[in-house]
Amino acid sequence: MTIIQFPKTLKWGAATASYQIEGAAHEGGRTPSIWDVFAHTPGNVKNGDHGDDACNSYHLYKEDVQHLANLGVNLYRFSISWSRVLPQGTGDLNPDGVAYYRNLIQELLDHGIEPMITLYHWDLPQVLQEEGGWENRKTVDAFKEYAIAMFKEFGGQVNKWITINEPWCASFLSNYLGIHAPGKTDLQAGVDVSHHLLLAHGKAVQSFRDLVPHGEIGYAPNVGWLEPYTSSEVDIAACNRSMMWQKEWFMDPVFKGTYPDELINLFAEHNAILKIEKGDLEVISQRIDFMGINYYTGNLGRFKKDEGLFQVEEVPLDNRRTDIGWPIYADGFYKVLTNIHETYGDVPIYITENGACYNHEVDNGAVHDQERIQYLEQHLTSLHRSIQAGVPIRGYIVWSLLDNFEWAEGYEKRFGIIHVNFRTFERTRKDSYYWYKQTVTNQGFER
Ligand SMILES: N=NNCCOCCOc1ccc(-c2cn(C[C@@H]3NC[C@@H](O)[C@H]3O)nn2)cc1
């Protein structure tokens with residue numbers, strides 16, 4: 025038997041996000057977000073799914089906290105619905121919206137669980153989208169106002185904050201690839217939104233230092249790993265170019281105060297110009313206390329002329345994929361973490377998302393998701409390797425506590441360690457829930 029034993033200081037958690045679990049989309053003063061509009065537009069989401077009811081966590085949050093407490097985790101990462109607390113995007117706070125999060129935070133604290141709040145997990149208030157959304161630089165100021173309001177409301181009880189979740193998804197997946205809300209297919213829009221998201225991040229960090237002086241703040245980029253198919257210069261360059269889109273494009277500005285020239289030029293060749301104003305990069309590169317890293321998948325890659333934006337194609341090593349079709353590449357987790365550490369130094373890292381989609385259903389009151397346990401064992405082994413290699417990992421937060429609304433994939437794609445019946449909202453702990461609980465208790469596992 026191989027024992028994987030983590031440092032006693034490593035924190036463990038589980039994560040969710042507002043639009044994916046809360047439901048109550050038209051209750052308590054909440055107004056629509058861009059995801060309400062996008063999901064209710066036919067053709068955008070599988071099976072016509074939307075977040076109107078989701079996991080009904082708005083009404084069942086106490087039960088969710090019970091599951092977290094039983095799990096024994098230190099942290100619960102959740103996001104605030106901007107349009108629930110600020111229905112007009114700015115201006116007057118909605119007392120019912122604020123009360124929901126105050127109650128959730130108190131419930132967590134009463135059970136000895138530390139909240140980790142994500143301010144932006146993709147559900148921009150539709151009223152702001154109607155003013156141009158993240159393409160409009162004014163939305164940066166609206167986000168700063170929202171962040172300040174949340175720091176004032178909850179900064180006394182909550183120490184760990186994340187500004188922006190997966191800026192690559194919220195900019196390029198949403199405005200260039202058209203797969204997420206608002207569903208645009210315009211590279212210039214993607215570039216503009218990516219800059220405004222980073223600027224919004226920096227403005228929030230500046231305000232945070234005054235309002236929550238004892239707190240810790242970061243952001244949570246998502247990264248994959250593309251391993252060059254051969255050691256040829258062209259394959260190495262193609263893989264680095266593709267990874268740059270999620271990695272350097274969103275990390276160089278924060279940690280180096282610059283964007284990678286290779287991508288600035290590549291975007292310009294496609295008529296998408298990065299527009300920076302004086303002082304922007306100084307704001308963006310404000311010191312942060314940690315970086316969240318979201319990792320799911322990786323692959324082999326090689327140069328392929330005229331293939332997409334980066335002239336790269338993926339070459340699957342084998343057919344091992346999760347039920348959402350993503351290759352399983354646990355070694356990529358180790359490679360990307362050590363690469364980030366070599367490139368950006370000792371910035372503390374929380375793994376703010378890692379998990380697998382397997383669509384098991386309930387069988388006699390149980391859910392036997394051995395594949396998810398194997399995925400977690402493989403990726404936690406890679407995480408252990410990274411820690412042994414000196415990467416300053418502070419915590420591991422599994423995606424997700426609950427099966428939930430997986431964006432354009434809808435409810436069919438299940439990432440939870442708890443199964444949710446989306447008709448009755450009944451929760452059923454999966455075998456992976458019990459495995460994770462044991463791993464948290466023992467700070468490790470045997471395999
Ligand atoms: N890189 N080039 N791709 C080009 C072609 O992409 C096609 C599709 O792309 C993607 C890429 C990434 C994702 C994704 C989903 N999650 C899971 C959520 N994370 C936040 C939390 O809410 C989870 O639900 N993380 N990432 C989806 C689609």
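According to my numbering, the sequence shown is numbered sequentially starting from 25.
Idealized CB from N, CA, C, for every residue including glycine.
Quick caveat, the model's predicted, so the values are computed rather than measured.
Neighbourhood of Ala41 by C-beta distance below 6 Å, restricted to the same chain and skipping five residues each side:
Contacts found: Ser103 and His145.
Residue nearest to Tyr283 in terms of C-alpha spacing, selected from Lys271, Glu293 and His294
Lys271
Distance between beta carbons of Phe439 and Val371, contact taken as under 8 Å:
Going by Cβ atoms, the distance from Val371 to Phe439 rounds to 26 Å, so no, they are not a contact pair.
Measuring alpha carbon to alpha carbon, tell me which of Val236, Asn160, Cys193 and Gly202 ends up nearest Ile172.
Val236
Could you compute how far the alpha carbon of Ile241 sits from the alpha carbon of Gly316?
10 Å
Indicate, with yes or no, if ligand 1 has a heavy atom lying under 7 Å from the CB of Ala78.
no
Taking Cβ to Cβ, would you say Lys184 is nearer than 8 Å to Met140?
yes
I believe Phe446 touches Tyr435 by the beta-carbon criterion, under 8 Å. Please report the beta-carbon distance rounded to the nearest angstrom.
So it is a contact: roughly 5 Å between Cβ atoms.
In whole angstroms, give me the CA-to-CA distance for Ile441 and Lys35.
Ile441 and Lys35: Cα-Cα distance of roughly 18 Å.
Which residue wins for smallest C-alpha separation from Tyr382, given the options Cys193, Ile188, Gln467 and Lys454?
Lys454
Collapsed DSSP secondary structure at Tyr283 in the structure displayed:
coil
Considering only the alpha carbon of each residue, which of Ala296, Glu470, Leu148 and Thr163 lies closest to Glu401?
Glu470
Quick one: Cα of Arg409 to Cα of Tyr358, how far?
7 Å
For my contact list, Asp147 and Tyr43 are in at a C-beta cut-off of 8 Å; report their separation, rounded to the angstrom.
4 Å
Buried or exposed, going by whether 16 or more other CB atoms sit within 10 Å of the CB of Met267?
buried
Limits of the beta strand (DSSP E) - the one that Ala38 falls within:
Lys35 to Ala39
Let's see if you can read the secondary structure: which residues bound the alpha helix (DSSP H) around Met25?
Neither: Met25 is in no alpha helix (DSSP H) and is coded neither H nor E.
Would you kindly check if the distance between the Cβ of Leu110 and the Cβ of Asn118 is under 8 Å?
yes
If you count every other CB in all the chains shown that lies within 10 Å of the CB of Arg311, and 16 or more means buried, which is it?
exposed
Residues that DSSP places opposite Pro252 in a beta bridge:
Gly325
Could you pull the start and end residues of the alpha helix (DSSP H) that Pro119 belongs to?
Pro119 to Asp134
Sequence-distant residues of the same chain with beta carbon closer than 6 Å to Asp116, five excluded per side
none
Which ranges would you report for the alpha helix (DSSP H) in the segment 199 to 239 if only whole runs of at least 4 residues count?
211 to 235
Report the residue from Glu257, Trp273, Phe167 and Gly53 whose alpha carbon sits nearest the alpha carbon of Leu143.
Phe167
If distances are taken between C-alpha atoms only, which option among Ile375, Glu433 and Tyr399 comes closest to Pro416?
Ile375
Going straight from the alpha carbon of Ile58 to that of Ile421, what length do you get?
26 Å
Beta carbon of Trp158 nearer than 8 Å to that of His204:
Not in contact: Trp158 and His204 (Cβ atoms no closer than 8 Å).
For Glu395, collect the residues of the same chain with a Cβ closer than 6 Å to its Cβ; drop the 5 residues on either side in sequence, then sort them by chain order.
Tyr382
CB of Asn100 to nearest heavy atom of ligand 1: below 7 Å?
The amino acid at residue 100 is misidentified as Asn; the sequence shows Tyr. No, the beta carbon of Tyr100 sits no closer than 7 Å to any heavy atom of ligand 1.
At a threshold of 7 Å, does Tyr320 count as lining ligand 1 (C-beta to nearest heavy atom)?
yes
Among residues of its own chain, excluding the 5 on either side of Ala354, which ones have a beta-carbon nearer than 6 Å to its beta-carbon?
Gln402, His403 and Ser406
Closer than 6 Å by C-beta to Ala296: which residues in its own chain qualify, once you throw out the five before and the five after it? Chain order, please.
Leu211, Gln212 and Val215
Which residues DSSP lists as bridging Ala390, in chain order:
Asp387
Quick one: what's got a C-beta closer than 6 Å to Asn428's C-beta in the same chain, skipping five residues either side?
The answer, listed in chain order, is Gln44, Ile45 and Cys79.
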